[in-house]
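Undergrad: Just add 11 to the spot in the sequence shown (first one is 1) and you have our numbering.
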Amino acid sequence: MKLSEIKNNLKKLENIAFQLPNGELVPNHFHVTEVGKVTKNFIDCGGTVRNEEVANFQLWKANDYDHRLHPEKLVHIIELSEDKLQIPDLEIEVEYQMKDTIGKFELDFDGTNFLLVSKLTDCLAKDNCGIPTEKPKVKIGEWKQKENSCTPNSGCC
12 MKLSEIKNNL KKLENIAFQL PNGELVPNHF HVTEVGKVTK NFIDCGGTVR NEEVANFQLW
72 KANDYDHRLH PEKLVHIIEL SEDKLQIPDL EIEVEYQMKD TIGKFELDFD GTNFLLVSKL
132 TDCLAKDNCG IPTEKPKVKI GEWKQKENSC TPNSGCC
């Protein structure tokens, strides 16, 4: 989800809810402690230089049960960040404190809740780094050649 999309979705809501991949909701007394731009410059395992930028939101659950972040306030925070940090309409990455580490998520929306979608690692240079392509799956017995299908000097044996 891009910044423009979250702002449009927030303008339709009375309350904000973020849902974790396991279906649990982030406690409704969460705070958005950061909105920023993260730039990642790196070389993949195939030697290609890559640059990625995302808008980053950090969610934090405080023990402040009396305050709730309202949609119009989050829109204001996003717009202020876009202006002050010169953030273009980037894809959003959300950080949230899990049990033992910070989880990083993509963001989606189901019409009611913002969904924290698990991110996965992947090789970006599969064609360059020597990882074999997936072997074709063959049913047992199909690999056997038919009787008399290989004749002397045919090159099949």
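Beta carbons are placed, not taken as given, at the ideal position from N, Cα and C, and that holds for glycine.
Among the residues of its own chain, which have a CB less than 7 Å from the CB of residue 79, if the five just before and after it don't count?
TA: Closer than 7 Å at the Cβ level, and outside the excluded window around residue 79, lie 39, 40.
Undergrad: Measure from the alpha carbon of residue 30 to the alpha carbon of each residue in 15, 98, 120, 112, then state which is nearest.
TA: The candidate whose alpha carbon is nearest that of residue 30 is 120.
Undergrad: So residue 47 and residue 62 are in contact, right, with Cβ under 8 Å, and what is the actual spacing, rounded?
TA: With 8 Å as the limit, residue 47 and residue 62 do not qualify as a contact, their Cβ atoms being about 17 Å apart.
Undergrad: Going by DSSP, what residues sit across from residue 69 in a beta bridge?
TA: According to DSSP, residue 69 bridges with 45, 106.
Undergrad: Please confirm if the stretch 72-92 is in contact with the stretch 18-28, defined as three or more CB-CB distances below 8 Å between the two stretches.
TA: Output reads yes: the stretch 18-28 touches the stretch 72-92.
Undergrad: Quick one: give me the first and last residue of the beta strand (DSSP E) that residue 27 is part of.
TA: No beta strand (DSSP E) holds residue 27; DSSP gives it neither H nor E.
Undergrad: Using DSSP with H/G/I as helix, E/B as strand and the rest coil, what is residue 60?
TA: Residue 60 falls in the strand class under three-state DSSP.
Undergrad: From the beta carbon of residue 125, is the nearest beta carbon of chain C less than 9 Å away?
TA: The chain inventory of the structure shown lacks chain C, comprising one protein chain alone.
Undergrad: Buried or exposed: residue 60, going by 16 or more other Cβ atoms within 10 Å of its Cβ?
TA: Burial call: exposed.
Undergrad: Contact between the stretch 96-103 and the stretch 130-137 is defined here as three or more beta-carbon pairs at a separation below 8 Å; is this criterion met?
TA: Touching, no, given that fewer than three Cβ pairs across the two stretches are closer than 8 Å.
Undergrad: My output table needs one value for residue 37: the three-state DSSP class, helix, strand or coil.
TA: Three-state result, residue 37: coil.
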